[in-house]
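> Residue numbers (the UniProt record's numbering), protein chains in the order written: chain R, 1 to 620; chain U, 1 to 462. To start, I am sharing the structure in question, which I have written as structure tokens.
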Amino acid sequence: MFTEYDIIVVGAGHAGCEAAAAAANLGSKVLLITMNMQTIAQMSCNPAMGGVAKGQIVREIDAMGGYSGIVSDKTTIQFRMLNRSKGPAMWSPRAQNDRYKFHEEWRYMLENTPNLDFFQDMVSGLLVNGNTVCGVKTSLGLEIKSKAVVLTNGTFLNGTIHIGEKRFGGGRMGEKGATGLTENLVELGFEAGRMKTGTPPRIDGRSINYSIMEEQQGDENPSRFSYLDFELPTEKRSCYITYTSPEVHDILKEGFDRSPMFTGRIKGLGPRYCPSIEDKINRFAERDRHQIFVEPEGWNTVEVYVNGFSTSLPEDVQYKALTKIQGFENAKFFRPGYAIEYDFFPPTQLNTTLETKLISNLFFAGQINGTTGYEEAAAQGFMAGINAHQKVNELHEFVLSRSEAYIGVLIDDLVTKGTDEPYRMFTSRAEHRLLLRQDNADIRLTKLSHDLGLASAERLQKVEEKIRRSDEIVKFMKGKTVEPTEINSFLEQNGTSQIPQNTKLFNLLARPQINLNDLITAYQPLKDFVNGTGQEIIEQSEIKVKYESYFEKELEMVSKLQRMEDQNINPEFNYDTLVSLSKESREKLKKIKPRTLGQASRISGVSPADISVLMIHLSK
Amino acid sequence: MLPVSPYAEDTIVALATPAGTGAIAVIRLSGPEAIKICNKVFFGKDLEKQASHTVHFGTIRENDVIIDEVLATVFIAPSSYTRENSVEVSCHASPYIIQKLINLFIKNGARTAKPGEFTLRAFLNGQLDLSQAEAVADLIASRTEASHNMALKQLRGGFSNELKALRQQLIDFAALIELELDFAEEDVEFANRPQLKALIGSIQSVIRKLISSFDLGNAIKNGIPVVISGKPNVGKSTLLNALLNEDRAIVSEIAGTTRDTIEDEINIGGINFRFIDTAGIRETSDKIEAIGVEKAYEKIRQSALVIYLFDPEETSATELKAIVDELSAHTSTDSILLVANKLDKGNEAEWKKRYEGLNGMLFISAKDRIHLDLFTETLLQKAHADQLNNDETVISNVRHLEALQKTNEALDDTLRLMEQPFGGELLAFEIKRALHHLGEITGDISNEDLLDSIFTRFCIGK
Chain R
1 MFTEYDIIVV GAGHAGCEAA AAAANLGSKV LLITMNMQTI AQMSCNPAMG GVAKGQIVRE
61 IDAMGGYSGI VSDKTTIQFR MLNRSKGPAM WSPRAQNDRY KFHEEWRYML ENTPNLDFFQ
121 DMVSGLLVNG NTVCGVKTSL GLEIKSKAVV LTNGTFLNGT IHIGEKRFGG GRMGEKGATG
181 LTENLVELGF EAGRMKTGTP PRIDGRSINY SIMEEQQGDE NPSRFSYLDF ELPTEKRSCY
241 ITYTSPEVHD ILKEGFDRSP MFTGRIKGLG PRYCPSIEDK INRFAERDRH QIFVEPEGWN
301 TVEVYVNGFS TSLPEDVQYK ALTKIQGFEN AKFFRPGYAI EYDFFPPTQL NTTLETKLIS
361 NLFFAGQING TTGYEEAAAQ GFMAGINAHQ KVNELHEFVL SRSEAYIGVL IDDLVTKGTD
421 EPYRMFTSRA EHRLLLRQDN ADIRLTKLSH DLGLASAERL QKVEEKIRRS DEIVKFMKGK
481 TVEPTEINSF LEQNGTSQIP QNTKLFNLLA RPQINLNDLI TAYQPLKDFV NGTGQEIIEQ
541 SEIKVKYESY FEKELEMVSK LQRMEDQNIN PEFNYDTLVS LSKESREKLK KIKPRTLGQA
601 SRISGVSPAD ISVLMIHLSK
Chain U
1 MLPVSPYAED TIVALATPAG TGAIAVIRLS GPEAIKICNK VFFGKDLEKQ ASHTVHFGTI
61 RENDVIIDEV LATVFIAPSS YTRENSVEVS CHASPYIIQK LINLFIKNGA RTAKPGEFTL
121 RAFLNGQLDL SQAEAVADLI ASRTEASHNM ALKQLRGGFS NELKALRQQL IDFAALIELE
181 LDFAEEDVEF ANRPQLKALI GSIQSVIRKL ISSFDLGNAI KNGIPVVISG KPNVGKSTLL
241 NALLNEDRAI VSEIAGTTRD TIEDEINIGG INFRFIDTAG IRETSDKIEA IGVEKAYEKI
301 RQSALVIYLF DPEETSATEL KAIVDELSAH TSTDSILLVA NKLDKGNEAE WKKRYEGLNG
361 MLFISAKDRI HLDLFTETLL QKAHADQLNN DETVISNVRH LEALQKTNEA LDDTLRLMEQ
421 PFGGELLAFE IKRALHHLGE ITGDISNEDL LDSIFTRFCI GK
């Protein structure tokens with residue numbers, strides 16, 4: 001029934017789809033197996049992509065030729081660039097999406113990807129030859145051969161859904177969980193753990209009184225995730241903000257004795273950063289209200305998503321409490337919120353390519369690695385897909401560093417530190433945040449991906465033009481002198497001091513009060529010079545001028561730390577020979593097997609003194 | 001049993017006392033074979049059967065020829081400086097004997113230690129942390145009680161503990177900013193700016209104090225530079241000789257003999273003073289002497305104290321005031337000490353009256369050693385020696401100074417940014433820089449430069 005594939009991808013969520021697309025576009029023969037062809041790239045949680053740090057990840061995936069950015073852009077019902085008031089390193093694109101169109105678009109793009117086959121079945125085990133994976137077994141009893149396997153099982157492995165005291169198996173509401181695979185992996189020697197996440201109730205939008213909520217519209221001139229040019233949808237939808245109250249909290253508390261969270265029925269650890277409403281009122285008892293963010297699910301549906309009200313309390317308590325929230329007085333439920341527990345595999349069992357240390361050619365990506373979020377999943381899938389392709393073709397590993405991409409930070413964190421709770425990306429996890437911006441993901445990454453044969457020539461050409469042209473504009477401003485009479489009235493209007501003598505244009509733009517578009521309008525020679533230049537390039541030039549000194553300082557820090565990253569460690573290194581390592585750090589080093597001194601320095605429990613010992617030894 | 005360290009595969013040997021002639025020299029062996037190697041050539045008790053921390057008399061022989069009579073002190077792992085087996089051999093300090101003994105040990109299986117290798121082993125075997133290893137270098141180099149105390153304090157960890165506490169405060173501060181950055185969209189409370197500013201202020205005041213302690217710390221380590229100035233033939237050299245008790249500077253009756261600067265180190269009250277005897281600072285037509293005068297001013301600018309020595313019989317109050325003004329152009333008024341010499345020929349009460357209005361003046365006779373005790377007391381006071389007696393942390397290491405300065409710079413930038421409409425991510429960046437530089441001192445950040453700077457500062461054998 002099946003020929004031998006190069007790569008089998010198990011699961012068709014955000015991770016699986018990116019993995020399949022990347023590997024297939026690189027030329028591998030790929031089979032994507034999912035339990036349900038109707039839920040490809042399903043947004044299991046809220047209908048939104050991006051956000052702080054996550055938006056940067058989507059931009060990075062897009063810059064390298066992944067699909068998440070394009071799919072998001074084509075299904076965007078509202079776009080906002082978050083943190084515009086802060087510096088460019090904090091600007092974070094975020095889109096509300098049409099949940100149905102999102103899935104449809106993903107499936108359409110995958111169906112139009114060469115080398116990619118689909119099959120609907122449940123994978124119940126792996127085919128392993130020695131220490132190398134060579135295919136999968138399915139619940140239909142099929143054995144499908146491949147050279148590599150990427151597992152992206154999401155929340156489906158032994159998934160258990162909790163609503164109050166009710167508990168039933170399932171990978172998502174209305175869908176069954178996946179059984180057999182965890183047991184098979186544990187038999188092979190993998191360590192498994194349990195995590196928990198949750199989702200809020202979905203409500204009939206027609207029953208909500210939006211007039212007493214705060215409306216939040218998207219940006220007037222929306223930006224986008226993708227660096228490619230294509231038509232964006234124009235029809236927009238608003239989100240709405242409302243708040244819980246002490247009365248709501250009191251009602252929720254009445255249900256605590258039937259909460260699976262508090263009665264100990266849920267064993268898995270939940271995300272601290274995306275807590276359920278019961279968790280929030282329990283942990284932050286002093287707060288008398290919490291924000292509720294009402295998100296539309298699409299253009300052609302009345303269903304809304306009640307962000308901020310994730311809960312696994314009994315459905316009657318959910319209902320009673322929700323209807324006390326301003327605007328929800330007459331709310332009708334489509335379905336209650338629930339918590340879901342699932343198996344994950346501590347990611348310290350992986351190499352930086354996301355290949356398992358135990359079984360060759362077996363890759364893990366997404367929630368199976370203990371992460372949360374579509375963007376984090378998609379990024380891992382994308383990298384696992386690339387590395388699976390590279391591995392079966394005996395090509396070099398494709399690993400991004402922490403100073404190159406959030407994706408590099410994400411994977412390094414996972415395989416080096418592991419995670420006890422669902423891992424979510426933050427800008428603060430990136431030590432070189434100022435360099436990892438949404439405006440320069442293409443400058444950072446497109447060439448790397450193009451060299452692999454993944455990012456298209458069109459992408460490379462675009463980014464090269466962006467670099468060339470923005471450098472030209474910066475150079476022009478560094479060389480151009482402005483006379484006081486030409487510019488002083490403009491400076492005064494913008495609330496900044498006038499210049500007493502001729503000044504370089506560059507120095508004027510460096511002032512925080514001045515922005516480049518205004519300056520272009522006010523100063524004719526500049527206007528002539530930039531004539532016809534696209535807004536993205538104007539913005540890039542402005543960022544370069546305003547933050548140059550910081551980028552330089554940051555690059556200095558990078559090069560300072562680079563020597564540690566360049567110092568390789570043999571994975572077979574015998575740490576037992578170093579007497580002065582603490583017991584804890586020796587155990588950790590033996591388990592993680594860091595590839596570089598830099599990676600070793602990030603393992604928790606390995607002290608700087610231990611690193612000094614290693615450093616001296618390695619330089620011997 | 002202690003697991004075998006890869007650094008203990010071989011046994012190292014080196015002279016542990018300074019090269020040069022003295023009565024006794026100590027040769028140190030460290031490594032798994034240290035006791036065995038020494039025992040092969042040691043004739044006396046069987047060293048391999050002796051308890052740790054015991055001293056044994058014997059002879060060291062090569063082919064039955066006695067090279068020297070020695071005392072061998074045995075240390076058994078892990079109870080030694082390096083946590084390895086060690087022997088310290090005290091021998092007679094003739095260069096021939098030392099060379100002969102070291103060669104003999106090498107012939108029997110030891111190898112020459114690299115600079116800092118004993119301390120490196122102590123560090124690698126978990127005996128010392130980095131900042132302690134660094135302090136060992138200072139300790140070995142210390143020549144006075146004060147510099148010894150300072151190094152010892154660092155060796156015990158006092159110095160890095162204080163900075164660690166500071167760094168923790170800064171980390172907490174950074175965490176608040178990060179929270180604000182990552183959760184701006186999620187209804188969190190913002191970090192209180194005035195509070196943050198106050199925190200930076202208090203951290204900076206400690207850092208600045210440490211930075212300014214460097215001059216003192218450095219002075220303790222290298223000697224406090226003191227310029228002795230005055231007209232030719234006023235008795236500068238005599239004063240120096242009186243303090244030194246030896247005739248090192250040229251003393252002559254011809255004005256202008258001391259043409260170049262001459263330095264002498266004198267230990268007073270446990271602190272080293274470097275006295276710099278300069279040419280006089282009078283106007284001169286002599287070219288060579290003119291260069292000397294310019295040099296004198298340069299030295300004054302670099303020194304901690306300037307002693308202006310004068311002969312009251314030849315110096316009017318007006319003239320003295322002019323000189324103080326002149327000196328003040330090159331150094332702070334507070335560090336000028338006016339000393340009237342040749343009290344043996346004059347009257348103190350009369351002199352006091354003559355110079356009324358000029359403060360902090362001493363009246364001495366260098367020749368007859370009158371009031372010299374008062375003079376040295378004043379020196380100690382002016383050198384802020386009192387600061388050393390209380391428990392204040394003093395830094396003396398250039399690497400520490402640079403790291404503190406960079407920390408301070410980053411904090412200055414942080415405060416500057418807070419005044420402007422910039423985002424918190426730049427604040428966070430500057431704070432991260434500050435944390436990085438502080439970490440370089442406390443050992444929370446390791447890099448090769450730091451290791452190099454620590455272990456290559458040692459002379460061979462420590």
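C-beta: ideal position from N, C-alpha, C; glycine also.
Starting from the N-terminal side, write out each stretch of the alpha helix (DSSP H) that is 4 residues or longer and does not extend beyond the segment 438-507 of chain R.
Listed in chain order, they are 441-452, 457-479, 484-493.
> To the nearest angstrom, how far is the alpha carbon of leucine 232 of chain R from that of alanine 455 of chain R?
In a straight line, the C-alpha of leucine 232 of chain R is about 21 Å away from that of alanine 455 of chain R.
> Return yes when the Cβ of isoleucine 70 of chain R is within less than 8 Å of the Cβ of serine 245 of chain R, no when it is not.
No, they are not a contact pair.
> Would the beta-carbon of arginine 202 of chain R fall within 8 Å of that of tyrosine 305 of chain R?
Contact flag set, yes.
> Between which two residues does the alpha helix (DSSP H) harbouring glutamate 104 of chain R extend?
Per DSSP, glutamate 104 of chain R belongs to the alpha helix (DSSP H) from 99-111.
> Can you have a look at asparagine 517 of chain R and say buried or exposed, based on whether 16 or more other CB atoms are within 10 angstroms of its CB?
Asparagine 517 of chain R should be labelled exposed.
> I need the straight-line Cα distance from residue 653 of chain R to asparagine 307 of chain R, nearest angstrom please.
It is not possible to answer for residue 653 of chain R, since the shown part of chain R is limited to 1 through 620.
> Report the CB separation of asparagine 125 of chain U from lysine 40 of chain U in whole angstroms; it is logged as a contact under 8 Å.
Asparagine 125 of chain U to lysine 40 of chain U, Cβ: 24 Å. No contact.
> Going along chain R, which residues have a C-beta under 9 Å from asparagine 125 of chain U?
The answer, in chain order, is Val579, Ser580.
> Cα separation between alanine 77 of chain U and glutamine 127 of chain U?
So the alpha carbons of these two residues sit roughly 12 Å apart.
> Which chain R residues are close to proline 421 of chain U, counting only those with a beta carbon under 8 Å from its beta carbon?
Residues of chain R passing the Cβ test: Pro512, Gln513.
> On the premise that arginine 595 of chain R lies in contact with asparagine 568 of chain R, defined as a C-beta separation below 8 Å, what is that separation, rounded to the nearest angstrom?
Rounded, the Cβ-Cβ distance is 7 Å, consistent with contact.
> Using the Cα positions of histidine 14 of chain R and serine 85 of chain R, report the straight-line distance between them to the nearest angstrom.
Answer to the nearest angstrom: the Cα atoms are 31 Å apart.
> Would you kindly work out how many angstroms separate the C-alpha atoms of residue 678 of chain R and leucine 163 of chain U, rounded to a whole number?
The requested residue 678 of chain R is not part of the displayed model; chain R covers only 1 to 620.
> Answer yes or no: do serine 470 of chain R and serine 541 of chain R have a C-beta to C-beta separation smaller than 8 Å?
Yes, Cβ-Cβ distance for serine 470 of chain R and serine 541 of chain R is below 8 Å.
> Label methionine 49 of chain R either buried or exposed according to how many other C-beta atoms from any shown protein chain fall within 10 Å of its C-beta, with 16 as the threshold for buried.
Buried, since its Cβ has 16 or more Cβ neighbours within 10 Å.
> For alanine 184 of chain U and chain R, any beta-carbon pair shorter than 8 Å?
Yes, alanine 184 of chain U lies at the interface with chain R (some Cβ there is under 8 Å from its Cβ).
> Taking the beta carbon of glycine 461 of chain U as the centre, do at least 16 other beta carbons fall within 10 Å, making it buried, or is it exposed?
Low per-residue confidence applies at glycine 461 of chain U: pLDDT is 45, beneath 50, and the placement is therefore not dependable, though the value from the model is reported in the following sentence. So glycine 461 of chain U ends up on the buried side.
> Report all residues from its chain with a CB closer than 7 Å to the CB of glutamine 438 of chain R; omit the five preceding and five following residues, and keep chain order.
Excluding residues within five positions, the ones whose Cβ falls inside 7 Å are Gly55, Gln56, Arg59, Trp91, Ser92, Pro93.
> Roughly how many whole angstroms lie between the Cα atoms of valine 339 of chain U and alanine 242 of chain U?
Roughly 15 Å between the two C-alpha positions.
> Candidates U/Leu372, U/Lys236, U/Glu294: which alpha carbon is nearest phenylalanine 275 of chain U's?
The shortest C-alpha separation from phenylalanine 275 of chain U is found at U/Lys236.
> Which residues in chain R have a C-beta closer than 7 Å to the C-beta of leucine 181 of chain U? List them in chain order.
Under the 7 Å cutoff, chain R gives Met90, Thr427, Ser428.
> With a CB to CB cut of under 8 Å and the five nearest residues on each side skipped, what residues in its chain are close to alanine 255 of chain U?
The pLDDT assigned to alanine 255 of chain U is 44, lower than 50, so where the model puts this residue is not dependable; a value taken from the coordinates is nonetheless given after this. Cβ within range, chain order: Lys231, Pro232, Asn233, Gly280.
> Taking a contact to mean a Cβ-Cβ separation below 8 Å, would you say alanine 428 of chain U touches leucine 181 of chain U in this structure?
Yes, the pair counts as a contact, with Cβ atoms nearer than the cut-off.
> Excluding five sequence neighbours on each side, which residues of the same chain lie with their C-beta closer than 7 Å to the C-beta of proline 225 of chain U?
Excluding sequence neighbours, proline 225 of chain U sits near Arg274, Ile276, Gln302, Ser303, Ala304.
> Taking all protein chains shown into account, do 16 or more other C-beta atoms lie within 10 angstroms of the C-beta of isoleucine 368 of chain R, making it buried, or fewer, making it exposed?
Answer is buried; the Cβ neighbour count reaches 16.
> Three or more C-beta pairs under 8 Å: does that hold for the segment 333-352 of chain R against the segment 16-28 of chain R?
Contact fails: fewer than three Cβ-Cβ distances are below 8 Å.
> Can you pull the DSSP bridge partners for lysine 145 of chain R?
Looking at the DSSP assignment, lysine 145 of chain R forms a beta bridge with R/Gly135.
> Does any C-beta atom of chain R lie closer than 8 Å to the C-beta of aspartate 444 of chain U?
It does: the Cβ of aspartate 444 of chain U has a partner Cβ on chain R nearer than 8 Å.
> Could you tell me which chain R residues have their CB closer than 7 Å to the CB of leucine 426 of chain U, listed as they occur along the chain?
The contacting residues are Gly87, Tyr550.
> For the beta strand (DSSP E) containing isoleucine 27 of chain U, name the first residue and the last one.
Taken as a continuous stretch (DSSP letters only), the beta strand (DSSP E) holding isoleucine 27 of chain U covers 24-30.
> Below 7 Å CB to CB, which residues in the same chain sit around tyrosine 406 of chain R once its five sequence neighbours on both sides are set aside?
Counting only Cβ-Cβ distances below 7 Å, and skipping sequence neighbours, we find Ala53, Gln56, Ile57, Glu60, Met425, Ala430, Leu436.
> Please confirm whether glutamate 117 of chain U and leucine 434 of chain R have their CB atoms less than 8 Å apart.
Contact: no.
> Asparagine 83 of chain R CB to nearest chain U CB: under 8 Å?
It does; some Cβ of chain U falls within 8 Å.
> Cα separation between glutamine 535 of chain R and tyrosine 243 of chain R?
Their Cα atoms are separated by approximately 38 Å.
> Taking DSSP's pairing of strands, which residues face methionine 49 of chain R in a bridge?
Paired residues: R/Ala95.
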